[in-house]
Amino acid sequence: MPKISPQEWFKSPLGQYLLTLEYEYINPVVIDTFGFYAIQMGNYDIDFLDHSRIQNKFSLNSNHAHLIASNEDLPFDEASVDLLIAPHILEQMTEPYQLLKEIYRVLMPEGRLIITGFNPASLWGVKRL
């Protein structure tokens, strides 16, 4: 079986189904979050911030990106982001700890962070080993 990129997989029917399910779980949190800045990371066709009340919404490194930036060096001030959504980013990173440090740097003390990812101990995760 040929290996495909995560972006290609998320365009498949199963990938789209998973993103839709995640959207349904994430959306109530997004709607309930107030603040000045919201960020969605990742290269996906779904907009997790579309129902956000936050006026300044940024999509990083997506097909509809507002900003193209390194995940290890986010172009935001310290403690400036109220909501950050990182769907399936950590499992694609060679240095996931550096990304978490950077997210910690830009997220406000009472900010919200939503991370999604595959369970490496699941059947899908074991298959990748």
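Residue numbering for the sequence shown follows our numbering, starting at 695 and increasing by one per position. Where a beta carbon is used, it is the ideal one built from N, C-alpha and C, also for glycine.
Classify residue i as helix, strand or coil using the three-state DSSP reduction.
i	result
T714	helix
E804	strand
Q749	coil
D726	helix
P814	coil
L743	coil
Determine the burial state of residue i: buried for a count of at least 16 other Cβ atoms within 10 Å of its Cβ, exposed for fewer.
i	result
I762	exposed
Are residue i and residue j closer than 9 Å when you measure CB to CB?
i	j	result
F704	Y731	no
V724	L754	no
I740	Y717	yes
E789	E766	yes
### Task
Give a yes or no on contact between the region 786-801 and the region 706-722, applying the rule of three or more CB pairs nearer than 8 Å.
With a cut-off of 8 Å, the region 706-722 and the region 786-801 do not count as touching, because too few Cβ pairs lie within range.
### Message
Whether or not the region 774-789 and the region 807-816 are in contact is what I'm after, with contact meaning three or more pairs of Cβ atoms, one per stretch, closer than 8 Å; do they touch?
### Response
Because the criterion of three Cβ pairs below 8 Å is met, the region 807-816 and the region 774-789 touch.
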